[in-house]
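Undergrad: Heads up: the sequence shown begins at 208 in this note's numbering, then just goes up one per residue. We put the beta carbon where it would ideally sit given N, CA and C, even for glycine.
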Amino acid sequence: MPHGLPSMGNLSTFLRENIEIEGEVENDAWMLVRTALANGDHLEAALEGKTLPPSLISKIVGLTWRCVNEKDMRLLEDAATSDSGFELGKLLASMFSSTQNEVQVVTTNYDRVVEFACNSKNILFQTGFAPGYVQRWESAGHVKFRQGTKPSRVVKIWKVHGSLDWFRTADERIIGLPVFKQPNADKYFPLIVTPGLNKYEKTYEDPFRTTINGADSALINASAFLCIGFGFRDQHIHPKIHERCRDRNIPTVVLARTLTDEAKDFLRTKAGKNYLGIEQSGTGSKVYSPTHPGGSEVGTPDLWSLDGFNKIIL
């Protein structure tokens, strides 16, 4: 969000303004979605459980890709000229000021913010594809980075809902193309799981199946959690966080401009006794902790943002 990537609300507006409905079947299906949105449902709730024709699903996926990609492309231009805006890069670089060889990042986003952040600090990363311009899906994990005889430090990025540069070809191959213009739609279909649409059905297929398995392993073996802007509404991720916190009571920090009700419930009932939740509050911040489960006002502005958080801990 700090980089101008679209929110769920922005995506909802983009879909409504740009989708081109054809035929009665598409019109009837889309009318159900529009009605749900008009009644106040967020985009995922509006799409969830709807039986949409394949042609309409294809249009929604394509427009979702386009909406996110337009902002992602602008961010690339900024990343090429300056690294000052990537607070995540600063945090990751700091994590490697240790004996740690791997940092695991699990994200539901399609954008390449994490990849750009790694680039800003010359940090190697892996997303499940072999490096290159035409990237092959590497599910066996044979690709390893080494520096001399030692494993290189690397950020493993688990993109459980896919990525802007992942595609399925017309002949059913999985490839990565680091492009910023959508390839021929008849030959390349974006591999992104859009909100509410076959979300769990799609995850039984690669690359999602292998990616989710890797993310699960990262979560259940984590020694700490830093959750940034995560609403705890995704069944692919938060149950594993709950499980790990219940078993080990590990340090957990949740940062968000506004903590969702689900995030607050997680902190209050499932995060154990070693947590902080931080959100914006007026000109300061509100901090939730085991000693102040209802929240405590502090005067430090932007402590909830990664920028403000970094200033405290780095």
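What number of angstroms, rounded off, separates the C-alpha of Gln389 from the C-alpha of Phe396?
TA: Your numbering for residue 389 matches position 182 in the sequence shown. Your numbering for residue 396 matches position 189 in the sequence shown. If you take the alpha carbons of Gln389 and Phe396, they lie about 9 angstroms apart.
Undergrad: Taking the alpha-carbon of Ala253 as reference, which of Lys363, Ala243, Lys477 and Ala337 has the nearest alpha-carbon?
TA: Stepping through the sequence shown from its first residue, residue 253 is reached at position 46. Per the Cα distances, Ala243.
Undergrad: Determine, using beta-carbon pairs with one atom in the segment 230 to 244 and one in the segment 278 to 294, whether at least three such pairs fall under 8 angstroms.
TA: With a cut-off of 8 angstroms, the segment 278 to 294 and the segment 230 to 244 do not count as touching, because too few Cβ pairs lie within range.
Undergrad: Kindly provide the ranges of any alpha helix (DSSP H) runs that are 4 or more residues long and lie completely inside the segment 277 to 317, ordered along the chain.
TA: Entirely contained in the segment 277 to 317, the alpha helix (DSSP H) runs reaching 4 residues are, in chain order, 294 to 302.
Undergrad: What does DSSP give as the partner residue(s) for Trp373 in the beta ladder?
TA: The count along the sequence shown starts at 1 and reaches residue 373 at position 166. Partner(s): Gly383.
Undergrad: According to DSSP, what are the bridge partners of Leu331?
TA: Counting from 1 along the sequence shown, the entry for residue 331 is found at position 124. The partner list for Leu331 (beta bridge, DSSP) reads Val361.
Undergrad: Can you name, in chain order, every residue of its own chain whose Cβ lies under 8 angstroms from the Cβ of Ser346, other than the five neighbours on each side?
TA: Locating residue 346 in the sequence shown gives position 139, counting from the first residue. Same-chain partners within the cutoff: Gly335, Asp413, Pro414 and Thr417.
Undergrad: Whose CA, out of Leu212, Ser262 and Gly247, lies closest to the CA of Lys230?
TA: Locating residue 230 in the sequence shown gives position 23, counting from the first residue. Sequence check: residue 230 is Gly here, not Lys. Minimum Cα distance to Gly230 is reached at Ser262.
Undergrad: Which ranges does the alpha helix (DSSP H) cover as unbroken runs of at least 4 residues, wholly within the segment 442 to 517, from first to last along the chain?
TA: Complete alpha helix (DSSP H) runs here, min 4: 445 to 455 and 468 to 476.
Undergrad: Would you tell me roughly how many angstroms separate the C-alpha atoms of Leu218 and Lys266, rounded to the nearest one?
TA: Sequence index remark: in the sequence shown, residue 218 carries index 11 (1-based). Sequence index remark: in the sequence shown, residue 266 carries index 59 (1-based). Leu218 and Lys266: Cα-Cα distance of roughly 13 angstroms.
Undergrad: Can you round the beta-carbon distance between Ala286 and Phe323 to whole angstroms, since I take them to be within the 8 angstroms contact cut?
TA: Translated into positions along the sequence shown, residue 286 becomes position 79. Translated into positions along the sequence shown, residue 323 becomes position 116. Rounded, the Cβ-Cβ distance is 4 angstroms, consistent with contact.
Undergrad: Using a 10 Å radius around the Cβ and a threshold of 16 neighbouring Cβ atoms, would you call Tyr482 buried or exposed?
TA: On the sequence shown, position 275 is the one that residue 482 refers to. Its Cβ being crowded by 16 or more others within 10 Å, Tyr482 is buried.
Undergrad: Are the CB atoms of Ser496 and Trp511 within a distance shorter than 7 angstroms?
TA: What you label residue 511 is simply residue 304 of the sequence shown in a count that begins at 1. What you label residue 496 is simply residue 289 of the sequence shown in a count that begins at 1. No, Cβ-Cβ distance for Trp511 and Ser496 is not below 7 angstroms.
Undergrad: Would you kindly work out how many angstroms separate the C-alpha atoms of Ile448 and Asn420, rounded to a whole number?
TA: Here residue 448 refers to the residue found at position 241 of the sequence shown. Here residue 420 refers to the residue found at position 213 of the sequence shown. Cα to Cα, the separation comes out at about 14 angstroms.
Undergrad: Quick one: which unbroken alpha helix (DSSP H) runs of 4-plus residues sit fully inside the segment 240 to 265? Chain order, please.
TA: Whole alpha helix (DSSP H) segments, 4+ residues: 250 to 254.
Undergrad: Go to Leu222, then tell me how far its alpha helix (DSSP H) extends in each direction, as first and last residue.
TA: Translated into the one-based positions of the sequence shown, residue 222 becomes position 15. Unbroken alpha helix (DSSP H) run through Leu222: Met215 to Asn225.
Undergrad: Around the Cβ of Gln354, are there at least 16 other Cβ atoms within 10 angstroms (buried) or fewer (exposed)?
TA: The residue you call residue 354 lines up with position 147 of the sequence shown. It counts as exposed.
Undergrad: Is Arg319 helix, strand or coil by DSSP?
TA: Within the sequence shown, the letter at position 112 stands for residue 319. It is coil, neither helix nor strand.
Undergrad: Under a Cβ-count criterion, where at least 16 other Cβ atoms within 10 Å of its own Cβ denotes burial, should Gly489 be classed as buried or exposed?
TA: Locating residue 489 in the sequence shown gives position 282, counting from the first residue. Per the 10 Å Cβ criterion, exposed.
Undergrad: Under the assumption that Pro358 contacts Asn308 (Cβ atoms under 8 angstroms), give the Cβ distance between them as a whole number of angstroms.
TA: Position 151 of the sequence shown, counted from the start, is the residue given in the question as residue 358. Position 101 of the sequence shown, counted from the start, is the residue given in the question as residue 308. Yes, Pro358 and Asn308 are in contact; Cβ-Cβ is about 6 angstroms, under 8 angstroms.
Undergrad: In three-state terms, what does DSSP make of Ile228?
TA: For the purposes of this step, residue 228 is taken as the residue at position 21 of the sequence shown. Residue state, collapsed to three classes: coil.
Undergrad: Smallest Cα separation from Ala337: which of Phe437, His349, Val313 and Lys257?
TA: As a position in the sequence shown, residue 337 is number 130, starting the count at 1. It is His349 whose Cα lies nearest to the Cα of Ala337.
Undergrad: Relative to the C-alpha of Ala422, which candidate in Val313, Arg281 and Thr220 has its C-alpha closest?
TA: By one-based count along the sequence shown, residue 422 stands at place 215. The candidate whose alpha carbon is nearest that of Ala422 is Val313.
Undergrad: Relative to the alpha-carbon of Asp393, which residue among Lys351, Thr401, Ile485 and Glu379 has its alpha-carbon at the smallest distance?
TA: As a working note, residue 393 is residue 186 in the sequence shown. For Asp393, the nearest C-alpha among the options comes from Glu379.
Undergrad: Is the CB-CB distance between Trp344 and Ile381 below 7 angstroms?
TA: As a working note, residue 344 is residue 137 in the sequence shown. As a working note, residue 381 is residue 174 in the sequence shown. Yes, the Cβ-Cβ distance between Trp344 and Ile381 is below 7 angstroms.
Undergrad: Considering only the alpha carbon of each residue, which of Tyr411, Gly339, Ser503 and Val362 lies closest to Asn329?
TA: The residue you call residue 329 lines up with position 122 of the sequence shown. Closest by alpha carbon: Val362.
Undergrad: Is the separation between the beta-carbon of Gly436 and that of Val461 shorter than 7 angstroms?
TA: By one-based count along the sequence shown, residue 436 stands at place 229. By one-based count along the sequence shown, residue 461 stands at place 254. Not in contact: Gly436 and Val461 (Cβ atoms no closer than 7 angstroms).
Undergrad: Helix, strand or coil for Leu531, going by three-state DSSP, please let me know.
TA: Any question about residue 531 goes unanswered here, given that the chain covers just 208 to 521.
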